[in-house]
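Visitor: In my numbering, the protein residues as written are 118 to 244. Just so you know, even glycine gets a beta-carbon here, dropped at the ideal spot from N, CA and C. Predicted model only: the values in this text are computed from it and were never measured. Could you have a look at this structure, given as structure tokens, before my questions?
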Amino acid sequence: MNMKQAIARVIEKQDLSAEEMTAVMRTIMTGGATPAQIGGFLIGLRMKGETVTEITAAASVMRELAAGVDISGLDHAVDIVGTGGDASGTFNVSTASMFVAAAAGCHVAKHGNRSVSSKSGSADALE
Numbered sequence: 118m119n120m121k122q123a124i125a126r127v128i129e130k131q132d133l134s135a136e137e138m139t140a141v142m143r144t145i146m147t148g149g150a151t152p153a154q155i156g157g158f159l160i161g162l163r164m165k166g167e168t169v170t171e172i173t174a175a176a177s178v179m180r181e182l183a184a185g186v187d188i189s190g191l192d193h194a195v196d197i198v199g200t201g202g203d204a205s206g207t208f209n210v211s212t213a214s215m216f217v218a219a220a221a222g223c224h225v226a227k228h229g230n231r232s233v234s235s236k237s238g239s240a241d242a243l244e
């Protein structure tokens, strides 16, 4: 399924199968869709209402394509991630806490993204 077909389907309020959603998410995650196509698809999907099948298929593709962190040489590591999207305009405490934990001797795997609703997301703070 290509992006044009996917956008048409969700605008018509038709659910996508797991296979169709997998194809769409793979296109999005590998750079095969324009920002306008991604926006149109996501708005259409939200207006239609996401199904469990669609969310599960999308999450599977994102997990498959996510970059991993090699911790094979470590005895342990902690992951610190913020809640994000709290709409309170709060300070990014999770990124600051990463430095505190690392200073205390912990091996930290930090992940996050750009700000959507706060003053600064992890990616913004670490740039």
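Below 6 Å CB to CB, which residues in the same chain sit around Ser239 once its five sequence neighbours on both sides are set aside?
Guide: Contacts found: Thr212, Gly229.
Visitor: In or out: Gly199 buried (at least 16 other Cβ within 10 Å) or exposed?
Guide: So Gly199 counts as buried.
Visitor: Take Met146 as the anchor and find which of Val186, Glu129, Ala175 has the nearest alpha-carbon.
Guide: Nearest C-alpha to Met146: Ala175.
Visitor: Spatial neighbours of Ala221 within its chain, please: C-beta separation below 6 Å, excluding the five flanking residues on both sides.
Guide: Result list for Ala221: empty, nothing under 6 Å.
Visitor: Decide if Gly190 is buried, meaning its Cβ has at least 16 other Cβ atoms within 10 Å, or exposed.
Guide: Label assigned to Gly190: exposed.
Visitor: Starting from Leu165 and walking both ways along the alpha helix (DSSP H), at which residues does that stretch end?
Guide: The sequence shown places Lys at residue 165, rather than the Leu named in the question. It spans 152-165 - the alpha helix (DSSP H) in which Lys165 sits, taken as one unbroken run.
Visitor: I'd like the ranges of any alpha helix (DSSP H) spanning at least 4 consecutive residues and lying wholly in the region 182-230.
Guide: For the region 182-230, whole alpha helix (DSSP H) runs of length 4 or above, ordered along the chain, are 210-220.
Visitor: By the 10 Å Cβ neighbour count, where 16 or more other Cβ atoms means buried, how is Lys130 classified, buried or exposed?
Guide: Per the 10 Å Cβ criterion, exposed.
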